[in-house]
Amino acid sequence: MIRVVVSAGGACRCFAPPETEVRLGSSRECDWHLPFPGVSRFHARAVMEGERLLLRDTGSKNGLFVGRERRGEVRLGLGESVSLGQARLALERLDPAEGELAISFEAGRPVTSDEELPTGTAELAAEALEPAARALLLARRTAAIHSPGPGLRRRILAEAGELLGVPTLFVGQLDRWDEVVLRDLHGVLPTSEMLAKLSLELRRGRGEADLEERWLLAPVHPGRRAFLAAGPLPAGGSEEIWKEMLLDFLAVRLLNPMEVVPEGTVEKAEPAAGGELSIPAGMVIGTSPAFQAVLAELRSIVSSQMSILLLGESGTGKEVLARLVHASSPKADGPFVAVNCAALPAELLEAELFGIVRRAATEVDAREGRFAQANGGTLFLDEVGDLPLKLQPKLLRALQEREILPVGGRHPVKVDLRIVAASNRDLPGLVASGAFSDGLFYRLAGVVVRVPPLAERREDLPLFIAEFTSRMAERHGKHLCGVTRAALARLLAWPWKGNVRELENEIEAAVLRAADGDALRAENLSEGVRKGLAVTGAEPAASAVLDEEVAVPQPGAGGALRDRRAAEERAAITEALSRTGGNVRAAAALLGLTPQGLRYKRKRLGLA
């Protein structure tokens, strides 16, 4: 694959070889717009002659230069370049995976009404893409919506139905008699007989109904019994996995905000208890089962005043979840105050938390503590497992009595706030060893929520990559057209032991290395991620046998290793299905896959 690259001062523009003659220059009227110093408004014309690019000067001020020689006409071969003012134009051969964008960006605008689908800053150009890429665009746009109303839900269903090529797409729910209740419908109304068959397939835990007509089913939550159904699929249609992935994603986004009928009640019962979640700006809402379980847990407790303890590895986004809890709670109008308990020694941390009165020490002014600052809102105690032992009794008393005593003070001060704490340490183990107060632990752990590491939610990686690339490009003033397929493949294959924080840092560094106007490419990634090297640099990073990944063809790779890997996958899948009695969702959970991923692997390995 060949591309034309025009660069100047760290910025660049990339173009596909022209099929017909094109004009290039600094004017926006040109086919190739080159906004670089020294490039005339209409600088030259270009056309391909075989594998060479023919350039003709059109009377520009600075002309075409090869070395120090000005020419009126230049034929460029691969690896050769020509100067146009301060810009350099070169013809390069490109790895096909680096020539295709897996994610592309275009400027957009925020949601302005319930009846509009937002255009995000990291989305796919739908008009120029295949259906799978357009599906990613729809998912990306839908992810920006917190609580879609009926009109918007119908528009989303209509667009999804067109992409899937199905005449019927509907939101349904099983009532207490296991009958399907239709809530939103796009297209043709299914027959009662078909609804009864779909109900049976759902209760069997299947994500696909192989009846006389094939349907796709996407339950959002077993306890709520709500689902999204699409069908019938075209006869002899393709088996693209993206169709199932799109349906599952839309089920989560469209059904979670809805008032759904709890299991064991009649259709007109009140909505299930629990609050709605208010998603903070910039938060990536993953569709993985592991992350959706976290959201389901938080949804059930956000409207209460209970303390929440978030436990998880470093870099998993615990503070983001704490902000979500605050924004979704009755105290959302109050302040959100965060303090890192590991950042200060005990003497300073006490004053940081509880404040200090004037002249408590020599030349010390009065200062309000974090508890007082968070009054009426939420106090987030990060790294609470590192809280000095000598401070733990005072914190426990503050939580029990809802009052604080500033350093040097004589009179306690009442506070009304919610506590969300987080730690990456084994707090129960610390309690057992005496390194952490058991009373404080149980006071903090009103509800304990385990935040899964990125390794358990790899389905969410593309969303993180798109969001972080767009965010970092905006932060650093870069204009990137997207992320190439090769770069995405390498990012998906990396284990990310540092979780979301490691991924965000990697993306930021890659954005800084990327040329302005170009895509984020594999060459912009760090050496370890680019080459698939482990942290030690000694071995390629190995994923689990059944890790889902984007395949990156390697030249010269033998077939023996692939055959052995396929045999191991077949054995693991067969054993999991045997242990679960053929239940695809349960088997997928055992294998660490999504149901869609397991079905895809079964088809690929001839086990379907």
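At position 584 of the sequence shown (counting the first as 1) the number is 772 in my numbering, and the numbers step up by one without a gap. No residue lacks a Cβ here, since even glycine has one placed at the ideal position from N, Cα and C. Please read all numbers here as calculations on a predicted model, not as lab measurements.
Nearest-angstrom Cβ-Cβ length linking residue i and residue j, presumed shorter than 8 Å
{"i": "M494", "j": "G634", "result": "4 Å"}
{"i": "R281", "j": "M189", "result": "7 Å"}
{"i": "A278", "j": "V193", "result": "5 Å"}
{"i": "V717", "j": "E694", "result": "6 Å"}
{"i": "D283", "j": "A674", "result": "6 Å"}
{"i": "A554", "j": "I544", "result": "7 Å"}
{"i": "A526", "j": "S466", "result": "Actually they are not in contact, since the Cβ atoms of A526 and S466 sit about 18 Å apart, beyond 8 Å."}
{"i": "L272", "j": "L242", "result": "In fact, because the Cβ distance is near 15 Å, the residues do not count as touching under 8 Å."}
{"i": "L649", "j": "L680", "result": "6 Å"}
{"i": "L386", "j": "V368", "result": "6 Å"}
Cβ shell of residue i (< 7 Å), same chain only, five flanking positions each side left out
{"i": "E591", "result": "P600, V601, K602 and V603"}
{"i": "G573", "result": "S611, R613, L615, L618 and F624"}
{"i": "Q588", "result": "R631"}
{"i": "R758", "result": "L793 and L795"}
{"i": "G627", "result": "L584"}
{"i": "P518", "result": "S491"}
{"i": "V227", "result": "G213, S214, L272, G273 and A275"}
Cβ-Cβ distance between residue i and residue j below 7 Å
{"i": "G522", "j": "G565", "result": "yes"}
{"i": "D706", "j": "K666", "result": "no"}
{"i": "A478", "j": "E644", "result": "yes"}
{"i": "A702", "j": "L668", "result": "yes"}
{"i": "A323", "j": "W430", "result": "yes"}
{"i": "F568", "j": "V608", "result": "yes"}
{"i": "R229", "j": "G247", "result": "no"}
{"i": "R263", "j": "R240", "result": "yes"}
{"i": "G375", "j": "A417", "result": "no"}
{"i": "G419", "j": "N687", "result": "no"}
{"i": "R343", "j": "D372", "result": "no"}
{"i": "L605", "j": "A562", "result": "yes"}
{"i": "A406", "j": "A439", "result": "yes"}
{"i": "W682", "j": "L642", "result": "no"}
{"i": "P206", "j": "A234", "result": "yes"}
{"i": "T657", "j": "L708", "result": "yes"}
{"i": "L497", "j": "V639", "result": "no"}
{"i": "E501", "j": "C529", "result": "no"}
{"i": "A776", "j": "T768", "result": "no"}
As assigned by DSSP and simplified to three states, the class of residue i
{"i": "A554", "result": "coil"}
{"i": "P205", "result": "coil"}
{"i": "G503", "result": "coil"}
{"i": "Q493", "result": "coil"}
{"i": "W797", "result": "As displayed, the chain neither begins before 189 nor continues past 796, which places residue 797 out of reach and without an answer."}
{"i": "D436", "result": "helix"}
{"i": "V772", "result": "helix"}
{"i": "D570", "result": "strand"}
{"i": "G419", "result": "strand"}
{"i": "D302", "result": "Residue placement at D302 cannot be trusted, given a pLDDT of 37 that sits under 50; what the coordinates show is reported in the next sentence. Note: D302 maps to coil in three-state DSSP."}
{"i": "V472", "result": "coil"}
{"i": "G565", "result": "coil"}
{"i": "P477", "result": "helix"}
{"i": "G686", "result": "coil"}
{"i": "T379", "result": "coil"}
{"i": "L498", "result": "strand"}
{"i": "P523", "result": "coil"}
{"i": "A754", "result": "helix"}
{"i": "I653", "result": "helix"}
{"i": "A702", "result": "coil"}
{"i": "T195", "result": "Note on residue identity: the sequence assigns Ser, not Thr, to residue 195. S195: strand per DSSP, three-state reduction."}
{"i": "H664", "result": "coil"}
{"i": "G353", "result": "coil"}
{"i": "V513", "result": "helix"}
{"i": "G670", "result": "strand"}
{"i": "G716", "result": "helix"}
Other residues of its chain near residue i: CB distance less than 6 Å, five sequence neighbours each side excluded
{"i": "R441", "result": "T330"}
{"i": "E485", "result": "V637"}
{"i": "P741", "result": "Residue placement at P741 cannot be trusted, given a pLDDT of 33 that sits under 50; the coordinates are not used to answer."}
{"i": "P594", "result": "F542, G543, I544 and V545"}
{"i": "C202", "result": "R191, V193 and D706"}
{"i": "K789", "result": "none"}
{"i": "S476", "result": "R645, E647 and D648"}
Cutoff 8 Å; reference residue i; Cβ partners in own chain excluding five residues on either side
{"i": "L266", "result": "I190, E239, L279, E280 and R281"}
{"i": "P468", "result": "V508, R511, L512 and A515"}
{"i": "L579", "result": "A534, L537, E538 and L541"}
{"i": "C200", "result": "V193, V194, A703, D704, G705 and D706"}
{"i": "G747", "result": "Legend: pLDDT at G747 = 47, less than 50; position of this residue unreliable, value from coordinates given subsequently. The answer is none, since no qualifying residue turns up."}
Where in the region 578 to 647 do unbroken runs of the alpha helix (DSSP H), each at least 4 residues long, occur, reported from the N-terminal end onward? Entirely contained in the region 578 to 647, the alpha helix (DSSP H) runs reaching 4 residues are, in chain order, 580 to 589, 615 to 621 and 626 to 632.
At 3 residues or longer, what runs of the beta strand (DSSP E) sit wholly inside the region 207 to 287? For the region 207 to 287, whole beta strand (DSSP E) runs of length 3 or above, ordered along the chain, are 210 to 213, 232 to 237, 240 to 245, 252 to 254, 257 to 259, 261 to 264, 269 to 272 and 275 to 281.
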